Amino acid sequence: MKLLEHYEVINHSLNETEEEVSITVNEIANLLSCSHRNAKIIIQNLQEQKWIKWKSGIGRGNYSTLKLLKNFELLVVELAKETITPHSIDQAITLLNKYQVKDSLQREFIDWIFHSYLSEYKDQSSNMHSRLHFPSYRPLPILDPAFVCRRSENHVMRHVFSQLVQFNQDTGDFLPHLAHFWEHNQDNTKWIFYLQKGVHFHHGKKMTADDVCYSFWRHKQPTSAYSWMVQDLLYKVSAIQPYIVEFQLKKPCPFFLHMAASLGGSILPNDRSSRKRFPLGTGPYRISENTDEKLTLHVFNDYFLRRPFLEEIKIYFFPKLYDNATVIDSVPNSYDMNFYHYPYKGRELHDLERYTALDRGSKLLTFNRKNGILANDLLLRKAIVHLLSPEKMIRELGGTRHKKASHLLEQFEHGDLSRSKRRGREALAKSDYKGEPLVLASYTGAGNEADGQWIKEELLKEGINVSLTFHTYEHLHSLPLEEETDLLLGEQLSYESDLYTYLAAFKGDHNLLTRHLSEADKKILEMLGENELDTLSLCMKVEENSMQHNGHIHLYRIIQSAFYPSYVKGIHFNALGWIDFTKLWYKVKR
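Under the UniProt record's numbering, residues 1 to 590 are what the sequence shown spells out, in order.
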């Protein structure tokens, strides 16, 4: 591909003109930082590829004429297509990313791969019928629940790991999983789990009680997304026998099964240190490849439950594919498209099924009530709440932003604060605000950049200055956010369990509400209820208290979509807004 690099330099220096240009071989040599002799060889090679038209001048040093015959970005796409094989598109993706091909061409390329190329190959190979290939916009370098609690990562990790029990959203009951039976004492301070035998990890090791002990204790590290479970609740966890585990808790916890069923309760082998990109679990899929360009999951043949239909899941990452501000315009008419999770420009829905649902989670903006300008200025917080209109935000930014939110869960929304610019301006005038910049921090992706910029511009119109700072997810949660930020922006996830949704929101170490929650609200949360209903009521009280004191704003809920051909069956969104891969199967067209 060295010749392509030479063409890029020449193309850029000539401003991509389509006109003939007078130039000497020495000038070409200077552009390419090579000798006169090598410049002539490169020119000859470019001519042979029909990338340029060259007419030599008479004599050394005289001007020749050069005409560019190829649009550079179209040439990159053309060469990328040539590198593709039925088993890999890695080189093609690397090429597109290296030369930063514009968004529209990336989308056309994606459509060509997943419609034309893979469709043709699938007709020749029955193996393609048990694969799921689809594009996404963000690599997933961390897939260990101790280090991340984010929507896409959580979804993939659900397929890699298993927990002691599972929560059934339809019935509200807990079902056996890695544990076939469990019991607890009268005051819910001691829980005993009896493990299934013959369960294997992805590297072949058999799971025992020691692995369960290791998996929970590792969350004692303050960097874990689930350290709250250990710090607040867990006193001791012991392997009574190879397949019996006992948990001793610091205080009564009637809802401990919710913790055990969470991703924080994922069981990992105790003989392997943490491998963020390639963690080992007992789930239905194992990670076989995880790079910045592609994630590959293969079915785990020794899975202890029913084997999934799909043999392989490949997610190709195109960073510019999705920004939460795109719309569906057109798509090649092909029922052979494998799957799309995100809508994006360049496609329409001919011959495709579409499944949509309102996301259970929401986009959240929190106010620092511990330190800084906002902590002691209720009127300034009130002003911001009234000056930001979620409806206007949805209308102006569009994309997948769909419905105004006011609470953690939609079913608990019961009317909302009537916002008005007038009230906001009155509160701002009475506040102690003197024009100091407020620091708004967030992580990259999920539309946060666009949302943050919109918030900054809206508040600036009213005289409130906002300084934006964006970090990677991992770096954001390593910062002392309570001390360095005034506002935090990001997704608030929802789970199948209403109670766990609230517990994770207000106690989870990687949740934004936790970082800015007032000390008074934290003390309320220490008074755990005697049963699940009481605990949920307590959490809802904290939510209402935070809202009354203008501690946070729920901005909107997104609409989740899946686009797929009619032969794909088992489509259904989980609480994270993703399709459960283990439920998918393909119906043969007759």
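Beta carbons: idealized from backbone N, C-alpha and C, even for Gly. None of these values were measured; they are calculated from a predicted model.
Where does residue i sit, in a helix, a strand or coil, going by DSSP?
{"i": "residue 606", "result": "Residue numbering for the chain in the displayed model covers 1 to 590; residue 606 lies beyond these limits and cannot be assessed."}
{"i": "H471", "result": "strand"}
{"i": "A92", "result": "helix"}
{"i": "K251", "result": "coil"}
{"i": "I28", "result": "helix"}
{"i": "Q241", "result": "strand"}
{"i": "Y586", "result": "strand"}
{"i": "E5", "result": "helix"}
{"i": "D336", "result": "Low confidence applies to D336: its pLDDT is 32, below 50, so where it sits in the model is not reliable enough to give any reading."}
{"i": "A441", "result": "strand"}
{"i": "A575", "result": "coil"}
{"i": "V568", "result": "strand"}
{"i": "I464", "result": "coil"}
{"i": "T17", "result": "coil"}
{"i": "Q100", "result": "coil"}
{"i": "S162", "result": "coil"}
{"i": "D580", "result": "coil"}
{"i": "G490", "result": "strand"}
{"i": "E78", "result": "helix"}
{"i": "E293", "result": "coil"}
{"i": "E532", "result": "helix"}
{"i": "residue 635", "result": "Any question about residue 635 goes unanswered here, given that the chain covers just 1 to 590."}
{"i": "F309", "result": "coil"}
{"i": "K55", "result": "strand"}
{"i": "E543", "result": "helix"}
{"i": "residue 591", "result": "Past the edges of the chain, shown from 1 to 590, lies residue 591, and the structure says nothing about it."}
{"i": "S35", "result": "coil"}
Below 6 Å CB to CB, which residues in the same chain sit around residue i once its five sequence neighbours on both sides are set aside?
{"i": "N531", "result": "P254"}
{"i": "F304", "result": "V199"}
{"i": "R360", "result": "S494 and A575"}
{"i": "D509", "result": "A225, S227 and W228"}
On the criterion of 16 or more Cβ atoms from any shown chain inside 10 Å, does residue i qualify as buried, or is it exposed?
{"i": "L460", "result": "exposed"}
{"i": "E543", "result": "buried"}
{"i": "H572", "result": "exposed"}
{"i": "N511", "result": "buried"}
{"i": "Y233", "result": "Reading off the sequence shown, one finds Leu at residue 233, where the question assumed Tyr. Its Cβ being crowded by 16 or more others within 10 Å, L233 is buried."}
{"i": "R286", "result": "buried"}
{"i": "I394", "result": "buried"}
{"i": "K220", "result": "exposed"}
{"i": "R158", "result": "buried"}
{"i": "Q241", "result": "exposed"}
Would you tell me roughly how many angstroms separate the C-alpha atoms of residue i and residue j, rounded to the nearest one?
{"i": "H549", "j": "I93", "result": "49 Å"}
{"i": "E312", "j": "Y99", "result": "29 Å"}
{"i": "V439", "j": "T485", "result": "5 Å"}
{"i": "N45", "j": "L79", "result": "16 Å"}
{"i": "E82", "j": "R150", "result": "36 Å"}
{"i": "V331", "j": "E426", "result": "Per-residue confidence for V331 stands at a pLDDT of 34, beneath the threshold of 50, marking its modelled position as unreliable; the derived number appears in the next sentence. Rounded to the nearest angstrom, the two C-alpha atoms are 50 Å apart."}
{"i": "W112", "j": "R401", "result": "28 Å"}
{"i": "S478", "j": "R381", "result": "26 Å"}
{"i": "N11", "j": "L513", "result": "50 Å"}
{"i": "G108", "j": "V77", "result": "The sequence given here places Glu at residue 108; Gly does not occur at that position. Each residue's Cα considered, the two are about 9 Å apart."}
{"i": "H203", "j": "E491", "result": "34 Å"}
{"i": "C213", "j": "Q186", "result": "23 Å"}
{"i": "N270", "j": "W578", "result": "30 Å"}
{"i": "A562", "j": "G570", "result": "12 Å"}
{"i": "I384", "j": "L95", "result": "45 Å"}
{"i": "S518", "j": "A260", "result": "27 Å"}
{"i": "L75", "j": "N97", "result": "14 Å"}
{"i": "I315", "j": "N188", "result": "42 Å"}
Taking the Cβ atom as the reference point for each residue, do residue i and residue j lie within a distance shorter than 8 Å?
{"i": "T282", "j": "M207", "result": "yes"}
{"i": "residue 597", "j": "L352", "result": "Only positions 1 to 590 of the chain appear in this structure, which leaves residue 597 out of reach."}
{"i": "F367", "j": "L374", "result": "yes"}
{"i": "W51", "j": "I43", "result": "no"}
{"i": "D292", "j": "P176", "result": "no"}
{"i": "L468", "j": "G447", "result": "no"}
{"i": "H298", "j": "F167", "result": "no"}
{"i": "F216", "j": "V237", "result": "yes"}
{"i": "R369", "j": "G172", "result": "no"}
{"i": "residue 638", "j": "L132", "result": "Residue 638 cannot be examined here, being either before or after the span of the chain that is shown, 1 to 590."}
{"i": "F318", "j": "Y137", "result": "yes"}
{"i": "N290", "j": "F300", "result": "no"}
{"i": "D377", "j": "S431", "result": "yes"}
{"i": "W191", "j": "H184", "result": "yes"}
Beta-carbon within less than 8 Å of residue i's beta-carbon, same chain only, minus the 5 sequence neighbours each way: which residues are those?
{"i": "A405", "result": "S362, K363, P390, E413, H554, L555, Y556 and R557"}
Leaving out the 5 sequence neighbours to the left and right, which residues in its chain are closer than 7 Å to residue i when beta-carbon positions are compared?
{"i": "S418", "result": "none"}
{"i": "K197", "result": "Y243"}
{"i": "D90", "result": "E293 and K294"}
{"i": "H36", "result": "V25, N26 and A29"}
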